[in-house]
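**Q** Its first residue numbered 15, the sequence shown is counted upward by one per residue in this note's numbering. All residues carry an ideal CB built from backbone N, CA and C; glycine is no exception. Please find one structure pasted underneath; my questions will follow.
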Amino acid sequence: MKQETTMPPVRSENETLYLLWYDEPRKETAVANGPQTRKLADGLYLVFSARSRSELYHDVKRRLDPQSLLVAPLAGDPKFKGMAGGALNWLRAN
Numbered sequence: 015m016k017q018e019t020t021m022p023p024v025r026s027e028n029e030t031l032y033l034l035w036y037d038e039p040r041k042e043t044a045v046a047n048g049p050q051t052r053k054l055a056d057g058l059y060l061v062f063s064a065r066s067r068s069e070l071y072h073d074v075k076r077r078l079d080p081q082s083l084l085v086a087p088l089a090g091d092p093k094f095k096g097m098a099g100g101a102l103n104w105l106r107a108n
């Protein structure tokens, strides 16, 4: 009998999905580069993180020094349309 192999999920159980938005960063630093961050549009990101909302907020605030900043945990996967290419596939894969 052939056994099925499954790929482990990219999202770990202790990670939260956050919606992150900022406007007019004073520093030219990326929010993050890696499999746990996905750019949806300029200044708008989805981020999987084991950090608390406060930790993520203060990290982005220190690195980018934006005029405006929002970090919000999401209870489920968001619905969206017209965002950056591949964003929906990235979310479904996680």
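From G100 to R52, what does the alpha carbon distance come to, in whole angstroms?
**A** Your numbering for residue 100 matches position 86 in the sequence shown. Your numbering for residue 52 matches position 38 in the sequence shown. If you take the alpha carbons of G100 and R52, they lie about 9 angstroms apart.
**Q** Compare the Cα-Cα distances from K75 to each of D91, Y32, P39 and report the closest residue.
**A** Working through the sequence shown from its first residue, we reach residue 75 at position 61. For the residues D91, Y32, P39, the minimum Cα distance to K75 belongs to P39.
**Q** By Cβ distance, which residues of its chain are closer than 7 angstroms to A98, with the 5 residues on each side in sequence left out?
**A** The residue labelled residue 98 in the question sits at position 84 within the sequence shown. Closer than 7 angstroms at the Cβ level, and outside the excluded window around A98, lie K53, L54, A55.
**Q** Do the CB positions of Y32 and R67 come within less than 8 angstroms of each other?
**A** Locating residue 32 in the sequence shown gives position 18, where the first residue counts as 1. Locating residue 67 in the sequence shown gives position 53, where the first residue counts as 1. The answer is yes: Cβ separation under 8 angstroms.
**Q** The beta strand (DSSP E) spanning V85 covers which residue range?
**A** Locating residue 85 in the sequence shown gives position 71, where the first residue counts as 1. Where V85 is concerned, the enclosing beta strand (DSSP E) stretches over 80-88.
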